[in-house]
Amino acid sequence: MYEGLAKAFSNEIQTLSGGKLQCIPYSRALLDFFEARGKPAQPLVARAVVFRNQNHIDWFDLLKLIPGIPNRLFKEATQSPNANGMIRLQIPQIDTSSQKSFKLPYRIIGFPHGTAELGSYHVDGTWNGHIVVCVDETLIDLTIGQLNDSRLSIDFTPPWVTIETDPGFLSGRNGLVGVQDGMLVIYWAYPDERTYEDSNSWGTNPEFLSQLKYFGSQFAETLQSLSDRELEAKELELP
């Protein structure tokens with residue numbers, strides 16, 4: 001859902017931002033867009049782990065074969081002190097009683113490294129986290145492309161994802177899994193965390209916030225003739 005809107009919105013705001021992907025202003029502008037349309041939407045801190053495209057692994061088969069594997073992979077990856085890493089996974093072979101070992105390179109987004117705590121800030125005042133927008137039980141992440149790295153075969157082109165959510169994820173009880181272009185994406189929500197509200201891009205720079213609100217409202221005006229169903233479509237033709 002909302003693939004067409006994510007594509008159109010991302011293209012427009014990337015032009016405004018000079019192509020730089022920043023989760024807080026992108027999400028703030030998208031929330032302003034939905035507000036201008038009178039559509040309930042919420043910001044959500046949702047950190048993620050992305051595993052590279054694996055030609056020899058069918059992620060859907062793996063998820064069926066090993067119950068609970070997304071939570072296990074997420075926990076193991078995020079306990080690492082590094083943004084990039086590799087997990088060695090033993091996968092049972094269906095036609096034999098043996099197991100085969102696979103290396104799963106990954107990148108994580110929204111987690112600080114070293115001694116920093118979740119929700120903390122860099123010395124320049126930027127926020128150590130990742131934020132998305134949830135609307136109609138759909139997660140819209142406009143900046144997952146920050147993880148793109150040709151060395152790890154991680155390539156979100158375009159640099160956004162939309163994934164249908166569930167109550168367990170939204171409450172922070174379990175992960176949310178998606179597969180895009182052969183990459184496995186695992187999100188985890190932190191519904192009670194609101195540390196981003198103190199960042200310059202969210203609540204402490206009125207002039208910048210005014211610019212984002214203007215962008216969101218102008219984009220809403222551009223699409224005012226389109227229904228919610230049309231916004232949810234995979235392809236969206238701008239008026």
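Residue numbers (the working numbering): 1 to 239.
Cβ coordinates follow ideal geometry from the N, Cα and C atoms, glycine included.
query                                                                                                : result
Reference A36, options I13, Q218 and A233, closest by Cα                                             : Q218
Length-filtered (4 minimum) alpha helix (DSSP H) runs lying within the stretch 57 to 96              : 59 to 65 and 69 to 78
Same chain, Cβ closer than 7 Å to M183, five either side skipped, listed in chain order              : V50, F51, R52, N53 and I154
K7, enclosing alpha helix (DSSP H) - first and last residue                                          : E3 to L16
N-terminal and C-terminal residue of the beta strand (DSSP E) that Y106 is part of                   : Q99 to I109
Among F60, P112 and T15, the one whose alpha carbon lies nearest that of A48                         : P112
Through-space distance from G85 to Q79, alpha-carbon basis                                           : 11 Å
Local conformation of G129 per DSSP, three classes                                                   : coil
Bridge partner(s) assigned by DSSP for E164                                                          : T138
Secondary structure, alpha helix (DSSP H): runs of 4+ residues fully inside the stretch 187 to 235   : 206 to 222 and 228 to 232
Straight-line gap, G18 to R72 (C-alpha atoms, nearest Å)                                             : 37 Å
Endpoints, the beta strand (DSSP E) within which A48 is located                                      : Q42 to F51
Reduced DSSP category for Q54 - H, G, I as helix; E, B as strand; rest coil                          : coil
For I154: DSSP bridge partner residues                                                               : D149
Distance, W59 Cα to V179 Cα                                                                          : 7 Å
Residues that G119 bridges to, as DSSP identifies them                                               : DSSP lists no partner for G119.
I144 and L44 closer than 9 Å at C-beta                                                               : no
The stretch 99 to 112 contacting the stretch 222 to 229, beta-carbon criterion three pairs below 8 Å : no
Cβ distance (whole Å) where L142 is taken to contact L30 below 8 Å                                   : 7 Å
Nearest-angstrom Cα separation, counted from T165 out to K7                                          : 19 Å
Same chain only: Cβ atoms within 8 Å of T162, ignoring 5 sequence neighbours per side                : M1, Y2, E3, A6, T138, L139, I140 and D141
Own chain residues within Cβ distance below 7 Å of I69, not counting five before or after            : L62 and L63
Assumed close pair F74, W188 - CB separation to whole angstroms, cut-off 8 Å                         : 6 Å
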